[in-house]
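Participant: Numbered per our numbering, the sequence shown spans residues 1385 to 1512. To start, I am sharing the structure in question, which I have written as structure tokens.
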Amino acid sequence: MDKKILLVAALLGVTAIILGAFGAHGLKKVLSVEQLATFEVGVRYQMYHALFLLFIGTFAFLGEKERLVIFYLTIVGVLFFSGSIYLLATNSITNLKTKFLGPITPIGGLFLVSAWGYLFYAVLSKKQ
């Protein structure tokens, strides 16, 4: 499981860097300043959570079940939160119908908060 978490962390990290560069260079001429700022929020949160998973994958204090719960909460959270932000920010060039994504972003945020909250609970409930 640790290997899977570390591989996903690396994948999220590398795609965050690629998307960040794409946003800064490729989308600069086709998106508004506000849309670019929104896109960057998605990239930033994806990278934060790539680093979070890297930490979770190497944190020996947590048990396998606890890592698994945090892993899945984080993956769903990043996909919903950052994924919906990417689609909403680039709507003007993709012409996708993204109105349904409005509620998906905060649901993704709730999953991310839950992952951090579960980490807090898991550490707090451990006996020294």
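The beta carbon of each residue, even a glycine, is placed where N, CA and C say it ideally should be.
1) Give me the residue from 1512, 1502, 1494 and 1493 with the minimum Cα distance to residue 1453.
2) Would you report the Cα separation of residue 1444 and residue 1497, rounded to the nearest angstrom?
3) Just to confirm my understanding: we take residue 1516, look at its own chain, exclude 5 residues before and 5 after, and list those with CB closer than 8 Å. What are they?
4) What's the C-alpha gap between residue 1507 and residue 1447?
5) Could you check how far apart the C-beta atoms of residue 1389 and residue 1455 are, in whole angstroms? I think they sit under 8 Å.
6) Which residues in the same chain have their Cβ closer than 6 Å to the Cβ of residue 1426, if we skip the five residues on either side of it in sequence?
7) Which whole-angstrom value is the C-beta distance of residue 1434 and residue 1405, which I expect to be below 8 Å?
Facilitator: In short:
1) Numbered from 1 along the sequence shown, position 69 holds the residue referred to as residue 1453. Of the listed residues, the one whose Cα sits closest to residue 1453 is 1502.
2) Residue mapping note: residue 1444 aligns to position 60 of the sequence shown, counting from 1. Residue mapping note: residue 1497 aligns to position 113 of the sequence shown, counting from 1. In this model, residue 1444 and residue 1497 are separated by some 22 Å (Cα to Cα).
3) Since the first residue shown for the chain is 1385 and the last is 1512, residue 1516 is missing from the structure and cannot be characterised.
4) Against the sequence shown, residue 1507 aligns to sequence position 123. Against the sequence shown, residue 1447 aligns to sequence position 63. Their Cα atoms are separated by approximately 10 Å.
5) Taking the sequence shown and counting its residues from 1, the one referred to as residue 1389 is at position 5. Taking the sequence shown and counting its residues from 1, the one referred to as residue 1455 is at position 71. For a cut-off of 8 Å, the C-beta gap from residue 1389 to residue 1455 is around 5 Å, short enough to register as a contact.
6) Locating residue 1426 in the sequence shown gives position 42, counting from the first residue. 1466, 1469 and 1470.
7) Against the sequence shown, residue 1434 aligns to sequence position 50. Against the sequence shown, residue 1405 aligns to sequence position 21. The pair is not a contact, with the Cβ atoms about 15 Å apart (cut-off 8 Å).
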